[in-house]
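The sequence shown begins at 34 in our numbering and counts up by one.
For every residue, glycine included, the Cβ atom is placed at its ideal position computed from N, Cα and C.
See structure below.
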Amino acid sequence: MASERFEAIVEDFEFLEDWEDRYRYVIDQGKALDPLPDALRVAATKVDGCASQVWLHPVIENGQFRFEGDSDAMIVRGLIAVLRALYNDIPVTEVGRVDAPAELARLGLNDHLSAQRSNGLRAMIERIRLVAAEAA
């Protein structure tokens with residue numbers, strides 16, 4: 034069920050054997066994101082449960098879900114980019130069906146993120162699912 038963009042990340046991760054290289058890859062994905070405008074860095078878009086500052090701004094157009102996001106931590110910006118590859122441009126009704134933990138496990142992230150980062154990642158996924166469920 035994963036998008037082509039997410040599958041490309043999975044393939045890239047399989048090619049990168051060293052976790053330092055994988056972290057660098059995730060960080061590079063985050064660097065490629067456009068910054069979230071200051072006007073969208075508000076309490077309504079802030080994700081609680083993250084050790085760093087995280088903002089997610091969902092957009093639902095023509096039944097399609099996507100979101101923009103940003104963080105003050107480089108690795109978290111990268112995780113936002115990974116989540117965008119997983120969720121962006123799918124029907125809003127399908128967001129709840131994405132098994133994010135299973136998809137992210139394909140990257141081995143569960144074993145290589147700190148407890149705080151894992152909690153933050155779960156908080157971002159919960160926010161995405163909640164917003165999509167409310168819109169569906």
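Taking a 10 Å sphere around the C-beta of residue 153, we find 16 or more other C-beta atoms and assign the residue as buried.
As a beta-bridge residue in DSSP terms, residue 92 pairs with 99. Judged by DSSP secondary structure, residue 143 falls within the alpha helix (DSSP H) whose first and last residues are 142-145.
As computed with DSSP, residue 104 is found in a beta bridge with 87.
Non-local beta-carbon contacts of residue 126 in its own chain, meaning distances under 6 Å to residues more than five positions away in sequence, involve 169 in chain order. Pairing residue 110 with residue 60 gives a Cβ-Cβ distance under 9 Å. DSSP places residue 169 in no alpha helix (DSSP H); its state is neither H nor E. Between residue 73 and residue 114, the CB-CB gap reaches or exceeds 9 Å.
For residue 64, the enclosing alpha helix (DSSP H) has its first and last residue at 52-64.
By the Cβ-count criterion, residue 118 is buried, with 16 or more other Cβ atoms from all chains shown falling within 10 Å of its own Cβ.
The alpha carbon of residue 116 has as its nearest neighbour, out of 50, 63, 45, 52, the alpha carbon of 63.
As computed with DSSP, residue 70 is found in no beta bridge at all. Closest by C-alpha distance to residue 106, out of 81, 123, 76, 87, is 87.
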